[in-house]
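**Student:** Numbered according to numbering that gives the first Met the number 0, the sequence shown spans residues 0 to 182. One structure is given below, represented as structure tokens, and several questions about it will come after.
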Amino acid sequence: MEPQNPFVFLINILLDLYIIVLMLRFILQQVRADFYNPLSQFIVKVTAPVLNPAKRLIPSVRNIDTATIIVVVLFIIVKIFLVALLSGYTPSLLTLLMMGIRDFITLALNIFIFAIIIQAILSWINPDPYNPVTGVLFSITRPVLQPVRRWIKPIEGLDLSPLFAIIGLIFIKLLVDNLFAMF
0 MEPQNPFVFL INILLDLYII VLMLRFILQQ VRADFYNPLS QFIVKVTAPV
50 LNPAKRLIPS VRNIDTATII VVVLFIIVKI FLVALLSGYT PSLLTLLMMG
100 IRDFITLALN IFIFAIIIQA ILSWINPDPY NPVTGVLFSI TRPVLQPVRR
150 WIKPIEGLDL SPLFAIIGLI FIKLLVDNLF AMF
């Protein structure tokens, strides 16, 4: 087994954490989460130094925050490039772009999947509805679970919609992976 480069580890951890926070900011904007929620406020403050200048340069298209999308994809591309460079590989620009788009979509799907899992687990212990995390989780999962709940009604009080939503999201994730398999 080949030893892992500690710099690759550090780059992966630090950039992945910030990329996740940037993606959460994008998702929270798209689902119109409560801006005054303390968790939302934290995410806005942490991402503002990078996103505010980008938003001045890149306009939104309809109600989609294109500046945040571009910044997230750029951070993903920089991470992939640095890791590849430290591993002795130089990917082409097209490969970097396609991997950046693939990882953007995959990260968004993973956030929805994990948010649904966490919300389902929390529903068993009856969390405080005023907890900031509960509010954010509900905001993130509502757009995914609401359409599923229209088709799959609770059976004897058991809501199976999270299970089917996760199956659907994993199916989409596999389609994306297959679509971008050559990169």
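For each residue, glycine too, the CB sits at the ideal point set by N, CA and C. Treat the numbers as computed from the prediction; the structure is a model and nothing was measured.
1) Between I218 and L159, how many whole angstroms is the CB-CB distance? I'm expecting something under 8 Å.
2) May I have the straight-line CA-CA distance separating I124 from L81, to the nearest angstrom?
3) For G99, report the span of its alpha helix (DSSP H) as first-last.
4) Expressed to the nearest angstrom, what Euclidean distance is found between the alpha-carbon atoms of L27 and I42?
5) Going by other Cβ atoms of all chains shown within 10 Å of its Cβ, with 16 needed for buried, is S91 buried or exposed?
6) For G99 versus I79, is the C-beta distance shorter than 8 Å?
7) According to DSSP, simplified to helix, strand and coil, what is I154?
**Tutor:** Quick answer:
1) Residue 218 lies beyond the stretch modelled for the chain, which goes from 0 to 182, so this question has no answer here.
2) If you take the alpha carbons of I124 and L81, they lie about 42 Å apart.
3) Start and end: L92 to I124.
4) Take the alpha-carbon of L27 and the one of I42: they are about 9 Å apart.
5) Exposed is the label assigned to S91, since fewer than 16 other Cβ atoms lie within 10 Å of its Cβ.
6) Here G99 is near I79, since their CB atoms are less than 8 Å apart.
7) In this structure, I154 counts as strand in the three-state DSSP scheme.
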